[in-house]
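To start, the structure under review is shown below, and the notes come after it.
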Amino acid sequence: MLKKIGLQIVAKCDGLPLAIKVMGGLLCQKDTNDCAWKMVLDDSVWSVSEMPEELNHAVYLSYEDLHSCIKQCFLYYSLLPKTALFYSENIIGMWISEGFVHGTSEDLEELGKKYYKELILRNLIEPDTQYVNRSVCNMHDVVRSFAQFAARDEALAAGDTNVVNKFREDKFLRLSIESKSSEDGLDWSSIEAQNTLRTLISVGHINMKPGDSLVNFPCLRTLHIDSAHAALVESLHELKHLRYLSLEKTDISSLPDSIGKMKFLQYISLRGCRQFVKLPHSILKLGQLRYLNFIETSINGIPRGFSALTNLRVLRGFPARMDGDWCSLEELGPLSRLKDLGLDGLENVIASSSTSKAKLCEKLYLARLYLTCGSRLEDDGLIEEEVIVSGEEQQQIKKVFDELCPPPRLEYLYIKGYFGERPPGWLMSSSFVPLESLRIIFIDDLAWCTQLPDGLCHLPYLEFFQI
1 MLKKIGLQIV AKCDGLPLAI KVMGGLLCQK DTNDCAWKMV LDDSVWSVSE MPEELNHAVY
61 LSYEDLHSCI KQCFLYYSLL PKTALFYSEN IIGMWISEGF VHGTSEDLEE LGKKYYKELI
121 LRNLIEPDTQ YVNRSVCNMH DVVRSFAQFA ARDEALAAGD TNVVNKFRED KFLRLSIESK
181 SSEDGLDWSS IEAQNTLRTL ISVGHINMKP GDSLVNFPCL RTLHIDSAHA ALVESLHELK
241 HLRYLSLEKT DISSLPDSIG KMKFLQYISL RGCRQFVKLP HSILKLGQLR YLNFIETSIN
301 GIPRGFSALT NLRVLRGFPA RMDGDWCSLE ELGPLSRLKD LGLDGLENVI ASSSTSKAKL
361 CEKLYLARLY LTCGSRLEDD GLIEEEVIVS GEEQQQIKKV FDELCPPPRL EYLYIKGYFG
421 ERPPGWLMSS SFVPLESLRI IFIDDLAWCT QLPDGLCHLP YLEFFQI
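Residues in the sequence shown are numbered consecutively from 1, following the UniProt record's numbering.
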């Protein structure tokens, strides 16, 4: 009987592959009995003949079946510009910042992941096969049109050619702008009239002039902008309610000291800001910080006292240094809530008590770990002619990695630039470290390693291994 009902539902999809996939995702969430499936088949939506073009019947049924908070997350996803890359962790951070994820402070990211997974299971978003672990997804144009239509009273996703008139007519809570032209980009002044915004996402060029600031957006909770001028960054402290700040791939070199006034700030991403070199000491006042990303920056200064940020869940691109006023690896010890950790420049570290005091093996929630050294390889993959690594240096880096032994529940491991002759001891079969939860391993740029890790046979859940 279920098969018969299923075929009748497929017939209502008029042979459209997307509609069939979405209905399949919906039925997967239903009980496997005739009554539950018959309710989908007999839903009155199928008989609505004058539904707006943007409202696909199948997508509408799946949308109406979502929990109210996941509905908000789904509509929000449609705002993300198609040409920009947004990882699941960024999107979940935006959802949390907007208040769409309801739970305790300890489990917000995990709940967000469940919401994200449900959208995938319902085929409302589709994983990009270029990325492992479904970390990047795409939204079909038909689904996107539906979501933007459903959210039209509160949110606007626009290019630089069709946005100005909209600004004159309406006020929005959420605004996404995708500017494709560097010559005819939108003027910042035209955005400033939208003083009720809670989310502003800007991808591409925006024309700015001296005096432009963020002062007109007092309600902002989420700000993602990739063309920020220094003057704009200086006014960040005006955003008293900001939770999520992404200035990825901008040309800023630092954050203002006034950032310490932003008590609600939880997420900061500076990924790809190659001129960024220093964090202000006032960053230590942001006790609610959950996420910091310095990947692909030139950061060379993290203030001592960093261990005070005990609420951190994600820390990427942490520069490992031992000299001067640098924050050392030892300060990672108290950060017991870390779930995702990336350490860069490990060739600068000397194996010592401070390395072991990072206490990676005691971080019970740590699921993702990135350990990187500076590359010794040229573009063609061969070792640089002038680079010489002594046996002592090889032994030293192995000791450093050995002391950075991860906890048993680690799921994802990324190692790059390791120049020891043998792999870290905890990846060898002789190790007593039970990494039984490890699912994904990337190992890249092993210039001098002459032995592969032979402990892979002890990883029962390993799904992906790339070297």
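Ideal Cβ positions, reconstructed from N, Cα and C, are used throughout, including at glycine. Please read all numbers here as calculations on a predicted model, not as lab measurements.
| Check | Outcome |
| --- | --- |
| Minimum length 3: unbroken beta strand (DSSP E) runs contained in the segment 283-341 | 291-293, 314-319 |
| Identity of the residues DSSP links to Asp187 by a beta bridge | Asn207 |
| Other residues of its chain near Lys263: CB distance less than 6 Å, five sequence neighbours each side excluded | none |
| Delimiting residues of the alpha helix (DSSP H) encompassing Lys416 | First-last for Lys416: 412-416, but that is the beta strand (DSSP E), not the alpha helix (DSSP H). |
| Residue 469 to Cys273 span [Cα, whole Å] | Given a span of 1 to 467 for the chain in the structure shown, any question on residue 469 remains unanswerable. |
| Cβ-Cβ distance between Ser213 and His237 below 8 Å | no |
| Classification of Ile302 by the beta-carbon crowding that lies within 10 angstroms, buried from 16 upward | buried |
| Any chain C beta carbon closer than 8 Å to Ile397 | Here there is only one protein chain, and chain C is not present. |
| Pick from Val314, Pro280, Thr297, Phe306 that is closest to Gln266, judged by C-alpha positions | Val314 |
| Where Cys28 falls, given that 16 or more other Cβ within 10 Å makes a residue buried | exposed |
| Contacting residues, own chain, Cβ-Cβ under 7 Å from Ser431 (five flanking each side not counted) | Gly425, Gly455 |
| Supposed contact pair Val142 and Tyr87 - C-beta distance, whole angstroms, cut 8 Å | Not really, about 24 Å apart at Cβ, beyond 8 Å. |
| Minimum C-alpha distance to Leu338 - residue among Leu173, Gly204, Lys82, Tyr291 | Tyr291 |
| Residue from Glu403, Leu284, Ser145, Gly420 with nearest C-alpha to Val59 | Ser145 |
| Cα-Cα separation between Tyr77 and Gly24, rounded to whole angstroms | 21 Å |
| Buried or exposed by the 16-neighbour rule on C-beta atoms within 10 Å, applied to Asp153 | exposed |
| Validate contact between the segment 192-206 and the segment 80-97 using beta carbons, cut 8 Å, 3 pairs | yes |
| Three-state secondary structure assigned by DSSP to His281 | helix |
| Continuous beta strand (DSSP E) stretch holding Gln466: start and end | 464-466 |
| Cβ neighbours of Arg271 in the same chain (closer than 7 Å, five flanking residues each side left out) | Glu248, Asn293, Ile295, Glu296 |
| Gln451, buried or exposed, once every other Cβ within 10 Å from all chains shown has been counted against 16 | exposed |
| Continuous alpha helix (DSSP H) assignments of at least 4 residues falling wholly in the segment 208-275 | 230-234 |
| Enclosing alpha helix (DSSP H) for Leu119 [first to last residue] | 108-121 |
| Where Tyr365 falls: helix, strand or coil (DSSP) | coil |
| Cutoff 6 Å; reference Gly103; Cβ partners in own chain excluding five residues on either side | Leu111 |
| Where Cys137 falls: helix, strand or coil (DSSP) | strand |
| Terminal residues of the alpha helix (DSSP H) in which Phe401 lies | 391-403 |
| Endpoints, beta strand (DSSP E) assigned at Phe442 | 440-444 |
| Where the beta strand (DSSP E) containing Leu156 begins and where it ends | 155-159 |
| Test item: CB-CB of Arg439 and Glu411 under 8 Å | yes |
| Identified DSSP bridge partners for Tyr370 | Gly342, Tyr414 |
| C-beta atoms of Asn138 and Ile125 nearer than 8 Å | yes |
| Straight-line gap, Lys416 to Glu192 (C-alpha atoms, nearest Å) | 44 Å |
| For Glu126, the residue or residues it bridges with in DSSP | Asn138 |
| Residue interval of the alpha helix (DSSP H) (run including Ser78) | Counting along the chain, Ser78 falls outside any alpha helix (DSSP H), and DSSP gives it neither H nor E. |
| Residue burial classification, Thr355 (beta-carbon count within 10 angstroms, cutoff 16) | buried |
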